[in-house]
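To keep things clear, I will list the structure first and then write my remarks on it.
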Amino acid sequence: MSEIKHDMSMKASCDTLYKALTTEEGLRAWFTSQANGSGKVGTNWELQFTDQPAFTWNILADEEPHRVVWKCLNGPGNSPGTEVEFILKSISENETKLTIIHRGWTKADPKFERCVEIWRKLMDHMQRYCETGFDEPAYH
């Protein structure tokens, strides 16, 4: 199995990034304006998109404020069964390193490269939101 891995440093506190990943308000600000869920372990994020397939992610782990893990239950292609881990490491009071690892892919999967690009786009939107507070979801 292959994994998608992205690292990015953001000029925001670890707590700010954590809230962006674990609250409906946070996900709506950078991921999709159609995010629904509580963010609690054992519950699901329902992520809807205009003119694109929806996703359901189950929240497997939440180690506030340093680690969150989701498992895809519903989505396009071979995404169901994959897991994404968000690791947050405080560099300073106002700088955090975010690592995203999306596991469970095969490089032969035709959606693998598309998913690499989607995570890049999502991280750019998350960075903008966490650093400026400006809401601009990557998808609607």
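Letter by letter, the sequence shown follows residues -16 to 123 in our numbering.
Ideal placement from N, C-alpha and C gives every residue a C-beta, glycine not left out.
If we call anything under 9 Å between Cβ atoms a contact, is residue i one with residue j?
| i | j | result |
| --- | --- | --- |
| N41 | N27 | yes |
| T65 | H(-11) | no |
| N15 | Y112 | The identity of residue 15 in the sequence shown is Thr, whereas the question assumes Asn. Contact flag unset, no. |
| G22 | D45 | yes |
| T89 | A(-5) | no |
| V51 | L10 | no |
| E8 | G20 | no |
| Q17 | T6 | no |
| H49 | E(-14) | no |
| A12 | E119 | yes |
Report the rounded CA-to-CA distance for residue i versus residue j, giving the unit in angstroms.
| i | j | result |
| --- | --- | --- |
| L0 | N57 | 25 Å |
| F38 | F117 | 24 Å |
| P63 | R103 | 20 Å |
| M106 | E96 | 16 Å |
| K2 | E114 | 13 Å |
| C55 | Q31 | 14 Å |
Let me confirm a value: residue i is counted as buried when at least 16 other C-beta atoms fall within 10 Å, else exposed. Which label applies?
| i | result |
| --- | --- |
| M109 | buried |
| I74 | exposed |
| P36 | exposed |
Using CA atoms only, rank isn't needed, just tell me which of the options is closest to residue i.
| i | options | result |
| --- | --- | --- |
| E47 | K72, P63, Q35, F32 | K72 |
| E68 | W53, M(-7), E76 | W53 |
| E76 | E(-14), S(-8), G9 | S(-8) |
| K94 | D107, W13, D34, P59 | P59 |
| M(-16) | C98, C55, E114, G87 | G87 |
Leaving aside the five residues before and after residue i along the sequence, list all residues of the same chain whose C-beta is less than 8 Å from its C-beta, in chain order.
| i | result |
| --- | --- |
| G25 | N41, I42 |
For residue i, which residues from the same chain have a beta carbon less than 6 Å from its beta carbon, with the 5 sequence-adjacent residues on both sides left out?
| i | result |
| --- | --- |
| D92 | N61 |
| I70 | R50, T82 |
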